[in-house]
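Student: One structure is given below, represented as structure tokens, and several questions about it will come after.
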Amino acid sequence: MKVSDLFVKALENEGVRYVFGVPGEENEDLLFSLDQSSIQFIPTRHEQGAAFMADVWGRITGKAGVCLATLGPGATNLLTGIADAHLDKSPVVAITGQGDLDRLHNTSHQNLDIVSMFRPVTKWNTAVSTPDIVPEVVRKAFKRAELEKPGATHIELSEDVAKAETHNTDLIQAESLRRAAPDYKALQQTIELLKKARRPLIIAGNGAIRKQASKHLMKLVNAFGIPVAHTFMGKGAVTDTNELSLYSIGLGFKDYVMEAVERADLILTVGYDIAEYAPEAWNPDNSNTIVHIDFEVAEVYTHYRPEVELICDISAALWELNRTMKEQDFSFDTGWHTGIRKRILEDIQSYDLTEGDDFTIPGALNSIRKALPESGLLISDVGSHKMWIARNFLTCCPNGCIISNGLATMGVALPGGIAASLADPDRHIVAAMGDGGFMMNVQELETAKRLGTGFTIVIFNDNDYGLISWKQRMHTGSSTGTRITNPDFKALAESFGIKGYCPKTISELKQQLEHTIGTRELSVIEIPVNPSVNSKLTEKLDGYWKKQG
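Using numbering that gives the first Met the number 0, read the sequence shown as starting at 0 and increasing by one per residue.
Structure below.
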């Protein structure tokens, strides 16, 4: 069998439905093999967009998304998206072309050492050096990408190997893996710490929304009344409609939820990822007693020193805690967190917009939340809006809100909306971004239109790199180097054959959101926002904490 045909058979064997990418000379054979397969190759307008689509596909489905590029600049254009998957713990398999093996020892056209370049941003990567190893290489790439903690892998396939013939056509089937159960002694140590605790708190990270961990976390939280604060990527592990949810933790300044961290006498971190939110931000003096529950051991970190580490399948750990704790007596203070939750909710509601108000990001988010079903999905880009989405946006289910917060890269939301729409065409989806992030991958509007995807693109426009401006003002009282100008977004959308909106009133915004979200119409809504609300939030919180002493 021709190697490129075998490679595609191996992708089919892994259940791949889509390959996102940009065609090139060196992946020509693979493209024609894909054309004869059950897999749809989706040409994107930039390799970064392809990587982000694979990234969000992996986050949503739990199965590795696949992206494809040629050698040289094609491969380097994938790097940001692959790095995002690496730090956001999203399963992705990247495939890149390469020139003939017999020219790689020389300086030659577009020849870069791509395998070495991808090494720091992947769990595993390799070049197919000989035809007969294709079944092993493809199976290993998917196994490693999807294995907890998931991440990115990379395969380089040179054009001469792709054209070659191989007799080793025996594909390797994916095996069902049984992940480790919790250690008995560590479990008992955790129970003993819980017996001593009066005000335990859970910090739920991105690991808490994978492998059914959310289901078992909800049972534990509800059975024993333990409040939960979520990291940005853990949003939805426990629905924010639950009275025990304290929404999110992770802003670059002290928010109301930090009162719960300070009052807690035991913190259980569940699937917590240091890449998201550094421990010194919430454990500055190492005074917290911590239990670490995760698939991997805790990183050695000055401000993160767990008393106990439950290293196993997170779902299994939570299931065992549920089962064992039912037979024990605990003296937790009931409702110790309720005042904090009330303060959070009242603050979120205070941003509701009324007719005549300037548009603000938190106000518009409240309108989006009312128009979006609880089962819907909001994908956030990176910018000042990300902070508001993480802080204010009520999330009701795992993967109900997707935020890049490991690499925290701009430009992910528009390609992500395409992947989400392909993964579940019946789901109501909003891709929210700033003007800066939108313009970084604006070209993928054509891809979204060509594929017939249906989701709402919301652009918060402040003609600024707003998050950087916000932080500069916090640090210095002024900003520099952040101001930008923009095209007519409504006209730009329409030039792609996409419906564009630019509401002038609050009622118009609400009507347009209800229409586009409800009908799943591919559309762009530009919301010109007043950014002064950003500085007012930090001033308000600073004043609150000064009053608390």
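C-beta: ideal position from N, C-alpha, C; glycine also. The model shown is predicted, which means the values in this text are computed figures rather than measured ones.
In chain order, which alpha helix (DSSP H) runs of at least 4 residues are fully inside the segment 191-248?
Tutor: 212-223
Student: What's the call for Lys234, buried or exposed, on a 16-neighbour Cβ count within 10 Å?
Tutor: buried
Student: From which residue to which residue does the beta strand (DSSP E) around Lys503 run?
Tutor: Per DSSP, Lys503 belongs to no beta strand (DSSP E) and is neither H nor E.
Student: How far does the beta strand (DSSP E) with Leu267 in it extend, from its first residue to its last?
Tutor: 265-269
Student: State yes or no: is the C-beta of Val91 within less than 9 angstroms of the C-beta of Ala144?
Tutor: yes
Student: Could you give the residue range of the alpha helix (DSSP H) that holds Pro42?
Tutor: Element bounds for Pro42: not the alpha helix (DSSP H) but the beta strand (DSSP E), 39-42.
Student: Where are the beta strand (DSSP E) runs, 3 residues long or more, that stay fully inside the segment 257-338, in chain order?
Tutor: 265-269, 289-293, 307-310
Student: By Cβ distance below 6 angstroms, which residues in the same chain neighbour Met257 in space, the five residues on each side in sequence not counted?
Tutor: none
Student: Given a cut-off of 9 angstroms, decide if Met232 and Ile402 are closer than it, judged by their beta-carbon atoms.
Tutor: yes
Student: Rounded to the nearest angstrom, what separates Gly410 and Gly433 at their Cα positions?
Tutor: In a straight line, the C-alpha of Gly410 is about 9 angstroms away from that of Gly433.
Student: Can you give me the C-alpha to C-alpha distance between Glu308 and Ala185, rounded to a whole angstrom?
Tutor: Straight through space, the alpha carbons of Ala185 and Glu308 are spaced by roughly 7 angstroms.
Student: Are the CB atoms of Ala151 and Ala84 nearer to each other than 9 angstroms?
Tutor: yes
Student: Determine the burial state of His474: buried for a count of at least 16 other Cβ atoms within 10 Å of its Cβ, exposed for fewer.
Tutor: exposed
Student: Can the beta-carbon of Ala315 be found closer than 9 angstroms to that of Pro226?
Tutor: Cβ distance not < 9 angstroms, so Ala315 and Pro226 don't count as in contact.
Student: For the alpha helix (DSSP H) that contains Ala93, what are its first and last residues?
Tutor: Careful: Ala93 lies outside any alpha helix (DSSP H), inside the beta strand (DSSP E) at 91-97.
Student: Is the beta carbon of Ala68 closer than 9 angstroms to that of Gly48?
Tutor: no
Student: Counting only runs that start and end within the segment 410-491, where is the alpha helix (DSSP H) found for 4 or more residues in a row?
Tutor: 412-422, 434-439, 443-450, 465-475
Student: For Leu170, which of Met0, Cys396, Ala370 has the nearest alpha-carbon?
Tutor: The candidate whose alpha carbon is nearest that of Leu170 is Met0.
Student: Nearest by alpha-carbon distance to Lys385: which of Gly338, His215, Lys62, Gly436 is it?
Tutor: Comparing alpha carbon positions, the residue from Gly338, His215, Lys62, Gly436 closest to Lys385 is Gly436.
Student: What three-state label does DSSP hand Leu176 in the structure shown?
Tutor: coil
Student: Helix, strand or coil: how does DSSP classify Leu156 here?
Tutor: strand
Student: Going by beta-carbon coordinates alone, are Ala259 and Asn287 separated by less than 9 angstroms?
Tutor: no
Student: Using CA coordinates, which residue listed in Tyr276, Phe392, Glu191 is at the minimum distance from Glu326?
Tutor: Glu191
Student: Determine the closest residue to Ile367 out of Pro130, Asp357, Ile339, Val457, with distance taken between C-alpha atoms.
Tutor: The shortest C-alpha separation from Ile367 is found at Val457.
Student: Whose C-alpha, out of Leu406, Asp487, Ala419, is nearest the C-alpha of Cys400?
Tutor: Ala419
Student: Contact defined as beta carbons within less than 8 angstroms: I believe Leu53 pairs with Gly64. What is the distance between those atoms, to the nearest angstrom?
Tutor: A small correction: the amino acid at residue 53 is Ala; Leu does not occupy that position in the sequence shown. Contact holds; Cβ gap of about 3 angstroms.
Student: With C-beta atoms as the reference, is Gly80 less than 9 angstroms away from Ala50?
Tutor: yes
Student: Measure the alpha-carbon distance for Pro134 versus Thr168 and round it to whole angstroms.
Tutor: Going from the Cα of Pro134 to the Cα of Thr168 covers about 7 angstroms.
Student: Would Arg198 and Phe329 qualify as a contact pair, given that the criterion is a beta-carbon distance under 9 angstroms?
Tutor: no
Student: How close, in whole Å, do the beta carbons of Ile516 and Ala363 come, if the pair is a contact with beta carbons under 8 angstroms?
Tutor: Rounded, the Cβ-Cβ distance is 13 angstroms, inconsistent with contact.
Student: Determine whether the beta carbon atoms of Thr337 and Glu261 lie at a separation below 9 angstroms.
Tutor: no
Student: Roughly how many angstroms separate the alpha carbons of Phe392 and Asn365, rounded to a whole number?
Tutor: 7 angstroms
Student: Would you say Trp123 and Lys148 are within 9 angstroms of each other, going by their C-beta atoms?
Tutor: no
Student: Please classify Ser366: does DSSP put it in a helix, a strand, or coil?
Tutor: helix
Student: For Gly251, name the three-state secondary structure that DSSP assigns.
Tutor: coil
Student: To the nearest angstrom, how far is it from the Cα of Ala479 to the Cα of Gly270?
Tutor: According to the sequence provided, residue 479 is Thr. The question's Ala does not apply to it. For Thr479 and Gly270, the distance between alpha carbons rounds to 38 angstroms.
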